[in-house]
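Working notes for the structure below.
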Amino acid sequence: MPKIGNIELPDFPLLLAPMEDVSDPPFRKLCKEQGADVVYTEFISSEGLIRDAAKSVIKLDIYEKERPVGIQIFGAELDSMLQAVDIVEASNPDIIDINFGCPVKKVVCKNAGAGILRDIPLMVKLTEEIVKRTKLPVTVKTRLGWDQNSIKIVEVAERLQDVGIEAISIHGRTRVQMYKGEADWKPIAEVKNNQRMHIPVFGNGDVDTPEAAVKMRDEFGLDGAMIGRASIGYPWFFNEVKHYFKTGEHLSPPTMQERVEAARRHLQMAIDWKGEKLGVFETRRHYTNYFKGIPHFKEYRMKMVTSDAAADVFAAFDEVQEKFWDYQFA
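So the sequence shown is numbered by our numbering: it starts at 36 and just counts up by one.
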């Protein structure tokens with residue numbers, strides 16, 4: 036059974052990936068209820084934390100029912116990262132995760148996220164100092180490399196392990212690839228098969244079906260899967276994978292009633308946590324997947340993603356439940 040520090044995990048755990056404006060407390064709660072074994076926060080800017088920026092600080096909110104939970108930070112300045120670790124530690128998470136994988140330009144241009152893959156010595160030094168700074172287990176999420184010509188993930192993972200990280204999650208693409216093409220799990224398997232590696236190695240990227248999770252476990256021999264895009268608007272994915280592991284059969288998809296109820300709860304929890312304006316806005320990205328596959332649904336989806344008032348979105352849910360109550364999802 037894999038462990039992150041002293042945190043014992045089930046065989047082949049499923050982890051909710053840290054996703055900006057997605058992996059907030061309401062969504063983490065839904066995923067936890069549906070079988071996620073470890074959840075991570077949205078990534079948090081170290082510079083934002085030390086400047087007490089409201090958007091960064093609110094992301095430190097964690098709740099007992101979602102444990103074990105990791106708070107993920109990013110940055111490239113050592114002093115800022117160490118101050119951020121102190122702030123994060125005061126929030127009492129179970130894990131501190133370092134983001135060395137975010138490919139977006141506004142992060143990379145500051146040498147943070149996947150930008151640091153161009154400076155491996157800095158990546159290792161930052162990690163070493165963060166491990167020294169905290170008593171919490173430190174994990175890393177990263178990518179294969181900056182581009183296809185600079186993939187050194189086996190060496191990088193070993194060096195990060197040697198300075199004290201307790202687990203590593205690797206997305207099977209380079210930064211240059213962004214999210215295009217297929218994720219390549221072979222280099223991740225090479226990390227796992229390195230005889231010097233003794234920490235858990237989790238795979239990330241294109242785990243979008245139960246069969247893909249089985250393949251990652253059985254053919255590539257990884258210790259667990261970090262689930263990202265497949266869970267957006269579909270927290271049931273974790274439970275479906277676990278059911279498939281146990282039975283080899285697909286679990287029946289959630290009914291219309293279950294989907295509407297989850298969407299309602301999601302929106303209400305988001306409003307309770309961050310207010311109506313942000314709560315309504317930041318749940319919009321989930322609705323396409325909550326109701327994916329329903330024919331002639333555009334009218335209702337547009338109401339959900341363009342309405343600024345929570346009452347209007349809830350009313351749209353009611354309309355959907357009434358009109359499509361007997362729709363059978365494939």
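Where is the CB? At the ideal position from N, CA and C, for every residue including glycine.
Going along the chain, which residues of its own chain have a beta-carbon closer than 7 Å to the beta-carbon of residue i, five neighbours each way excluded?
i, result
"R231", "E193"
"E201", "I39, G40, P172, V173, T174 and I234"
"R102", "D129"
Please name the residue, chosen from the options, that lies closest to residue i on a Cα-to-Cα basis.
i, options, result
"K358", "M261, I329, Y325 and F47", "I329"
"Q196", "L161, T209, K215 and D219", "L161"
"T282", "V249, F255, Q292 and A218", "V249"
"I165", "W181, V142 and A111", "A111"
"G184", "F135, P48, R210 and A297", "One detail in the question is off: residue 184 reads as Asn in this sequence, not Gly. Nearest option by C-alpha distance: R210."
"E99", "W181, K64 and A351", "K64"
"T76", "S91, D87, Q107 and I306", "Q107"
"L239", "A298, L179, K327 and G105", "It is Asn, not Leu, that sits at residue 239 in the sequence shown. The shortest Cα separation from N239 among A298, L179, K327 and G105 belongs to L179."
"D343", "D361, G310, K327 and K333", "G310"
"V120", "I79, Y322 and I93", "I79"
"T177", "L44, G136 and F349", "G136"
"K90", "F62, V236, D56 and K170", "D56"
"V355", "Q303, W220 and T290", "T290"
"L44", "M36, L51 and L50", "M36"
"V198", "E163, L49, E246 and R168", "E163"
"P48", "R153, L257 and L286", "L257"
Given this structure, state the Cα-to-Cα distance separating residue i from residue j, to the nearest angstrom.
i, j, result
"F109", "V276", "30 Å"
"K67", "V73", "8 Å"
"F255", "V189", "15 Å"
"I155", "L113", "14 Å"
"L157", "V191", "11 Å"
"S126", "L95", "7 Å"
"Y335", "V142", "35 Å"
"W308", "G314", "8 Å"
"V159", "G259", "23 Å"
"I262", "P53", "9 Å"
"C144", "E82", "14 Å"
"K227", "Y362", "44 Å"
"L50", "A71", "6 Å"
"D253", "A88", "44 Å"
"K327", "M339", "13 Å"
"D46", "A218", "23 Å"
"A147", "Q292", "43 Å"
"H285", "Q118", "46 Å"
"H331", "M337", "12 Å"
"I306", "E124", "27 Å"
"P288", "N274", "11 Å"
"G216", "I203", "23 Å"
Return the chain-ordered list of same chain residues with a C-beta closer than 6 Å to the C-beta of residue i, the five sequence neighbours on each side being excluded.
i, result
"F272", "A265 and S266"
"Y325", "G268, R294 and A298"
With H, G and I counted as helix, E and B as strand and the rest as coil, what does DSSP make of residue i?
i, result
"E190", "helix"
"A260", "strand"
"R150", "Note on identity: in this sequence residue 150 is Gly, with Arg being the wrong assignment. Looking at G150 - three-state DSSP - the assignment turns out to be helix."
"K38", "strand"
"L313", "helix"
"Q107", "strand"
"N87", "The sequence as given places Asp at residue 87; Asn does not occur at that position. In the structure shown, D87 sits in coil (DSSP, three-state: anything other than H, G, I, E or B)."
"H371", "Here the chain has residues from 36 to 365 only, and residue 371 is not among them."
"V198", "coil"
"I130", "strand"
"K358", "helix"
"N239", "strand"
"Y325", "helix"
"T318", "helix"
"S287", "coil"
"Y98", "coil"
"F273", "helix"
"T244", "coil"
"T76", "strand"
For residue i and chain E, any beta-carbon pair shorter than 8 Å?
i, result
"G148", "Among the chains of the structure shown, chain E does not appear; only one protein chain is present."
Go through its chain and collect everything with a Cβ distance to residue i's Cβ below 8 Å, but skip five positions before and after it.
i, result
"I97", "P60, T76, V104, I106, S126, N127 and P128"
"R320", "D56, V57, I267 and G268"
"K312", "D343"
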